[in-house]
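Q: Dropping a structure here in structure tokens format, bear with me for questions.
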Amino acid sequence: MTAPGADPENDTPASTPRISRRVRHWLVGAGLTALAATLGITLAVRGGATPACAAPPSGNTVHKGTASFYDAGRSGGNCSFPGPPADRLYVALGSSQYSKGAACGSYLDVTGPKGTVRVMVMDQCGGCGPTKIDLSTEAFTRIADRSQGIASVTYRAALNPQLDGGLTFRIKGGASQYWFAVQVGNHGNPLRSVEAKGTSGGFRKAARQTDNYWTIEGGLGPGPYTITVTDVYGQKATATGIRMVTKQVQRSTVSLISPATPSSSPSTPASPSAPPPSATPTESATPTTTVEAIAGAAPLPGPRC
413 MTAPGADPEN
423 DTPASTPRIS
433 RRVRHWLVGA
443 GLTALAATLG
453 ITLAVRGGAT
463 PACAAPPSGN
473 TVHKGTASFY
483 DAGRSGGNCS
493 FPGPPADRLY
503 VALGSSQYSK
513 GAACGSYLDV
523 TGPKGTVRVM
533 VMDQCGGCGP
543 TKIDLSTEAF
553 TRIADRSQGI
563 ASVTYRAALN
573 PQLDGGLTFR
583 IKGGASQYWF
593 AVQVGNHGNP
603 LRSVEAKGTS
613 GGFRKAARQT
623 DNYWTIEGGL
633 GPGPYTITVT
643 DVYGQKATAT
653 GIRMVTKQVQ
663 RSTVSLISPA
673 TPSSSPSTPA
683 SPSAPPPSAT
693 PTESATPTTT
703 VEAIAGAAPL
713 PGPRC
């Protein structure tokens with residue numbers, strides 16, 4: 413049995429230059445901790461901790477906050493993507509909205525002093541509070557002057573963003589017939605669940621991991637696999653023929669978003685979440701699909717606080 417992480421070449425993203433620029437946030441956090449101690453308040457601070465009711469932006473809710481910018485280089489961020497989107501329009505969210513990877517691959521429409529830009533969630537911002545976001549340099553310059561450094565913004569989920577192509581699937585390095593781990597890409601809306609099955613047996617639910625992979629302990633056999641993906645609005649799609657080929661993107665023609673479903677659009681074109689050209693397009697699935705239309709923009713009920 414191949415244990416998670418046994419492969420020396422794993423898909424855990426390296427730290428990006430953004431981390432070194434956030435000392436000011438850590439200093440602010442230290443100051444707040446000292447203040448709390450003075451007031452007799454106990455702060456439970458854990459690295460990477462996420463509030464129990466954390467969730468990615470969804471529905472029609474408009475959030476007010478501030479935006480800064482950073483450059484992830486060639487990294488795919490904490491979401492473990494093969495790399496940034498081709499247009500380099502991406503965003504990092506604070507822990508509550510990043511929600512342990514639940515926001516990965518979804519899109520936001522961000523409006524600032526100069527206009528609106530659509531960005532893909534690719535990363536977690538360690539120094540960002542609940543309404544602070546960190547845009548790519550390219551995205552920030554679309555909505556504000558770079559010289560500002562930080563800009564006041566509003567942002568909301570991009571409901572059913574129109575994307576190029578269908579869902580993509582990427583089997584994690586170290587996965588095998590005994591341990592299943594897959595990353596789903598090009599889905600647009602935040603994902604709620606992933607289920608998969610091999611050539612025998614029924615569907616099994618996969619567990620979402622903080623690195624944006626979905627895993628099933630004990631594995632599903634050698635494949636090929638059938639994978640059903642459901643987003644937070646209840647839209648569901650099923651792809652077949654996904655093979656046990658690690659670290660390569662397998663493309664399908666299956667989409668969660670029906671072409672007839674309206675999409676909220678900013679003043680700039682949507683940015684595709686397809687991996688960069690270095691991905692292998694020959695690893696194609698032979699999909700079948702069922703798609704359920706959403707009713708309005710309200711996500712399905714989440715866990716109650």
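Per this note's numbering, the very first residue in the sequence shown carries number 413; after that it's consecutive.
Think of the CB as a built atom: it goes at the ideal place given N, C-alpha and C, for glycine as much as any other residue.
Predicted, not measured: the structure shown is a model, and the values here were computed from it.
Under the assumption that Ser518 contacts Ala569 (Cβ atoms under 8 Å), give the Cβ distance between them as a whole number of angstroms.
A: The Cβ separation is near 7 Å, so the contact holds.
Q: Would Thr638 pass as a contact of Ala619 if the rule is Cβ separation under 8 Å?
A: Not a contact, by the Cβ cut-off of 8 Å.
Q: Run through DSSP, which three-state label would Arg554 get?
A: Arg554: helix per DSSP, three-state reduction.
Q: Between which two residues does the alpha helix (DSSP H) containing Tyr645 stretch?
A: Careful: Tyr645 lies outside any alpha helix (DSSP H) and carries neither H nor E.
Q: Can you give, in chain order, each stretch of the beta strand (DSSP E) that sits fully within the region 475-503 and has at least 3 residues?
A: Qualifying beta strand (DSSP E) stretches, in chain order: 475-482.
Q: Classify Val641 as buried or exposed, calling it buried when 16 or more other Cβ atoms lie within 10 Å of its own Cβ.
A: With 16 or more Cβ atoms within 10 Å of its Cβ, Val641 is classed as buried.
Q: Going by other Cβ atoms of all chains shown within 10 Å of its Cβ, with 16 needed for buried, is Thr650 buried or exposed?
A: That one is buried.
Q: Counting pairs of beta carbons, one from the region 560-580 and one from the region 534-541, are three or more of them closer than 8 Å?
A: The region 560-580 is not in contact with the region 534-541.
Q: If you follow the beta strand (DSSP E) that Ser548 is part of, which residue opens it and which one closes it?
A: First-last of the beta strand (DSSP E) with Ser548: 544-548.
Q: Let's see if you can read the secondary structure: which residues bound the alpha helix (DSSP H) around Tyr510?
A: Segment 507-510, the alpha helix (DSSP H) holding Tyr510.
Q: List the endpoints of the continuous beta strand (DSSP E) containing Gln662.
A: 661-663 is the extent of the beta strand (DSSP E) around Gln662.
Q: May I ask you to report which of helix, strand or coil DSSP gives Gln405?
A: In the structure displayed, the chain extends from 413 to 717; residue 405 sits before or after that span and is not available.
Q: Compare the C-alpha of Pro469 against each of Thr549, Val533, Leu575, Pro525 and name the closest.
A: Considering only alpha carbons, the answer is Val533.
Q: Taking DSSP as the reference, what is the three-state secondary structure of Gly597?
A: Three-state result, Gly597: strand.
Q: Do the region 509-527 and the region 589-602 meet, that is, are 3 or more Cβ pairs less than 8 Å apart?
A: Result yes; three or more Cβ-Cβ pairs closer than 8 Å.
Q: Which term fits Pro525, buried or exposed, when burial requires 16 or more other beta carbons within 10 angstroms of its beta carbon?
A: With fewer than 16 other Cβ atoms within 10 Å, it is exposed.
Q: Give every residue of the same chain whose Cβ lies closer than 6 Å to the Cβ of Ile723, excluding the five residues on either side of it in the sequence, and list them in chain order.
A: Because the chain here runs from 413 to 717, residue 723 falls outside it and cannot be looked at.
Q: On the three-state DSSP scale, how would you describe Thr450?
A: Its pLDDT being 39, under 50, Thr450 is placed unreliably by the model, and the measurement read from it follows with that caveat. If DSSP states are grouped into helix, strand and coil, Thr450 belongs with the helices.
Q: Beta-carbon separation of Asp576 and Tyr482 under 8 Å?
A: For Asp576 and Tyr482, no; Cβs fall outside 8 Å.
Q: Would you mind working out which of Thr658, Thr665, Ser664, Val666 sits nearest Pro494, comparing C-alpha positions?
A: For Pro494, the nearest C-alpha among the options comes from Thr658.
Q: Within 10 Å of its beta-carbon, does Gly631 have 16 or more other beta-carbons around it, so buried, or fewer, so exposed?
A: Buried, by the Cβ-count rule.
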